[in-house]
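Everything below concerns the one structure shown next.
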Amino acid sequence: MASVDVALPASESVPAPAAERGLVEECRRGDPNAFSRLVAIHEGLVYNLAARLLGDREEAKDVSQDVFLQIYRMLPRFEGRSSLKTWIYRIVVNQCRNRQRWWRRRQRDKALPLEEMTANESARLATPSRECPEEQVARREESGRVQKALLKLSLDHRAVLLLREVEELSGAEIAEALGVAEGTVKSRLARAREALRLALLASEGNAS
Amino acid sequence: MRCRTVRSHLSAYRDGELPAETTREVSLHIGSCDDCGRRLREYEAALGELQALPRLACEESIAARIHTHLEVEMRGPGLTLLFRPAWSARPLFLPSLIPAVMVLLVVLGTVFSLEREADRLPPVYVRNTGQQWNGPVPASGTEGNPLFPSATVSLPRTRQGDPLLPQLLAGMGQRSFFVEMVVGRDGRVSAVTLIDGDSFEAAPILDLLRHQRFEPSRVQGRPVAVSFYRLISGTVVRAPTT
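Chains as they are written, first to last, in this note's numbering: chain A, 5 to 212; chain B, 9 to 250.
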């Protein structure tokens with residue numbers, strides 16, 4: 005990969021497994037356009053997962069950049085034993101975990117909650133909304149409450165919940181992404197769901 | 009089935025991962041137990057809210073950020089090159105060792121060849137003593153490094169005459185000897201070297217000369233050793249008069 009001096013394509017949908025393998029091969033051969041396509045395809049899911057895991061947009065931006073730089077450097081060693089998407093999720097979770105450790109070492113474990121998004125920022129949501137302003141405000145408040153509850157969970161619980169409920173991965177895919185056994189995923193998922201239920205109940209109790 | 013067991017199965021029940029028999033038992037229990045039914049509804053609601061979270065998109069292109077980062081990284085020299093991490097410095101570090109090693113070899117080769125040249129130089133001798141000299145050069149005006157007569161350095165004068173010398177000179181006939189003498193700072197003769205003449209015949213003369221005493225030459229009031237040549241001959245050579 006000698007150069008990245010290419011036009012960046014707009015965001016693309018995740019390709020089929022065969023196309024994905026082709027894309028990986030092209031990246032391995034050093035095709036800069038292929039890497040740009042790979043970034044364009046996956047940047048949305050990487051940023052969303054990082055932002056939800058960390059609860060901080062600026063950190064999510066930095067993590068997303070670090071994730072793709074790591075992919076760029078490690079892609080020649082990607083063996084294809086798992087899917088590219090699962091591999092990317094694994095890198096995202098590990099990067100977020102490292103970032104959180106860094107915060108803890110510096111006594112800075114207070115993320116800027118995402119519910120503090122301004123009206124302008126809500127326009128950056130990946131899925132454009134046709135709701136009226138009142139509905140948008142209510143929806144934003146609801147999202148903020150869920151994000152706040154999510155941030156009360158451990159990073160392991162957040163990761164397993166987001167991969168399952170938001171990214172809709174199977175138990176086997178989550179096990180690959182987190183580097184744990186499938187049985188561990190099931191038990192962790194059960195505990196994480198219960199923790200989220202309690203966190204949301206607590207937030208409702210505080211609100212009322 | 010007890011409430012505690014049902015609650016431990018709720019996650020797998022929701023995902024449809026329980027065996028058919030267990031699923032049926034959990035369903036029956038939930039239908040009959042208000043607490044477990046409410047808990048399942050809360051459970052579903054919490055996960056529903058999580059799933060309903062909007063997908064966030066970055067306001068600036070991540071691809072563009074990476075593009076810029078990689079472009080700066082690959083642009084080469086400049087501050088980026090100076091402050092690059094160690095792993096990226098490695099590809100440049102190793103090739104740069106080659107000219108460094110070559111320069112080092114040239115320097116070492118030159119040093120060794122100069123060392124060998126120095127070895128081939130002849131050993132230093134002090135002519136007066138005939139001994140090999142390896143140490144530092146003695147101070148000027150001492151017996152090891154005498155001065156030569158000049159406008160500022162006079163010839164040492166004989167302190168006392170030797171009665172045997174004229175007698176020996178008289179017996180020499182036409183023979184003559186050319187000698188170099190070194191008179192030390194104490195007026196004693198520190199060295200006599202025969203330069204021209206038969207050494208066997210000159211031996212008694214040289215012995216006499218060694219025992220002569222002189223008034224040492226002085227430079228700025230300080231006695232100095234002086235080396236001078238002397239023709240010992242029985243023939244009187246007179247200078248032409250004008």
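Cβ atoms here follow ideal geometry from the backbone N, Cα and C, with glycine treated the same way.
What you are looking at is a predicted structure, and each value in this text was computed from that prediction instead of being measured.
Item: DSSP bridge partner residues for Asn153 of chain B (one or two, in chain order); Value: B:Thr150
Item: Residue-level contact to chain A via CB, Ile32 of chain B, 8 Å cutoff; Value: One detail in the question is off: residue 32 of chain B reads as Arg in this sequence, not Ile. Cβ-Cβ to chain A under 8 Å: no for Arg32 of chain B.
Item: Beta carbon proximity, Ser68 of chain A to chain B, threshold 8 Å; Value: yes
Item: Amino acids of chain A, ordered along the chain, whose beta-carbon sits closer than 7 Å to that of Tyr51 of chain B; Value: Arg197 and Arg201
Item: Buried versus exposed call for Val200 of chain B [16 or more other C-beta atoms within 10 Å across all chains shown]; Value: buried
Item: Environment of Ala22 of chain A [buried if 16+ CB atoms lie within 10 Å]; Value: exposed
Item: Buried versus exposed call for Ile75 of chain A [16 or more other C-beta atoms within 10 Å across all chains shown]; Value: buried
Item: Below-8 Å beta-carbon distance, Ala123 of chain A vs any chain B residue; Value: Unreliable placement is indicated for Ala123 of chain A, whose pLDDT of 41 sits below 50; the coordinate value is still reported in the next sentence. Ala123 of chain A does not count as touching chain B.
Item: Alpha-carbon to alpha-carbon, Gln140 of chain A and Leu42 of chain A; Value: 32 Å
Item: CB contact check: Arg46 of chain B to chain A, cutoff 8 Å; Value: no
Item: Where the beta strand (DSSP E) through Glu188 of chain B begins and ends; Value: Ser184 to Val191
Item: Identified DSSP bridge partners for Asp204 of chain B; Value: B:Phe186
Item: Buried/exposed call for Leu105 of chain B, threshold 16 Cβ in 10 Å; Value: exposed
Item: Per-residue contacts from Tyr93 of chain A into chain B (C-beta, under 8 Å); Value: The premise fails here: Tyr93 of chain A is roughly 15 Å from chain B at the closest Cβ pair, so nothing lies under 8 Å.
Item: Pairwise C-alpha distance: Leu58 of chain B and Arg195 of chain A; Value: 15 Å
Item: Residue burial classification, Tyr133 of chain B (beta-carbon count within 10 angstroms, cutoff 16); Value: With a pLDDT of 48 at Tyr133 of chain B, under the threshold of 50, the predicted position of this residue should be treated as unreliable, though the coordinate-derived value follows. So Tyr133 of chain B counts as exposed.
Item: Cα-Cα separation, Glu63 of chain A to Met82 of chain B; Value: 25 Å
Item: Endpoints, beta strand (DSSP E) assigned at Leu239 of chain B; Value: Val234 to Ser241
Item: Pairwise C-alpha distance: Val96 of chain A and Ile38 of chain B; Value: 38 Å
Item: Delimiting residues of the beta strand (DSSP E) encompassing Arg108 of chain A; Value: From DSSP, Arg108 of chain A is part of no beta strand (DSSP E) but of the alpha helix (DSSP H) over Leu88 to Arg109.
Item: heavy atom of the ligand ADP below 7 Å from Gly179 of chain B C-beta; Value: No copy of the ligand ADP appears in this structure; indeed no ligand is present at all.
Item: C-alpha gap between Ser16 of chain B and Glu146 of chain A, whole angstroms; Value: 28 Å
Item: From B:Met189, B:Ala71 and B:Asp215, residue whose alpha carbon lies closest to that of Phe156 of chain B; Value: B:Met189
Item: Three-state secondary structure assigned by DSSP to Glu172 of chain A; Value: coil
Item: Reduced DSSP secondary structure (H/G/I, E/B, other) of Thr160 of chain B; Value: coil
Item: Residue-chain proximity (Glu57 of chain B, chain A), Cβ-Cβ < 8 Å; Value: yes
Item: Proximal residues to Ala199 of chain A (C-beta, below 7 Å), its chain only, five neighbours per side dropped; Value: Leu157 and His161
Item: Span separating the alpha-carbon of Ala281 of chain A from that of Thr76 of chain B; Value: An answer regarding residue 281 of chain A cannot be provided, because it is not within the stretch 5 to 212 covered by chain A.
Item: Residue(s) in a DSSP beta bridge with Thr166 of chain B; Value: B:Phe222
Item: Identity of the residues DSSP links to Ala199 of chain B by a beta bridge; Value: B:Val190
Item: Interfacial residues, the region 164-191 of chain A to chain B, with Cβ spacing under 9 Å; Value: Leu165, Leu166, Arg168, Glu169, Val170, Glu172, Gly175, Lys190 and Ser191
Item: Pro146 of chain B versus Thr160 of chain B - alpha carbon distance; Value: 21 Å
Item: Span of the alpha helix (DSSP H) around Gly148 of chain A; Value: Pro137 to Leu155
Item: Option nearest Gly148 of chain A by Cα separation, candidates B:Leu64, B:Ser40, B:Arg12 and B:Tyr21; Value: B:Leu64
Item: Coil, strand or helix - Arg230 of chain B by DSSP; Value: strand
Item: Whole-Å CB distance - Arg165 of chain B paired with Glu223 of chain B, under 8 Å assumed; Value: 5 Å
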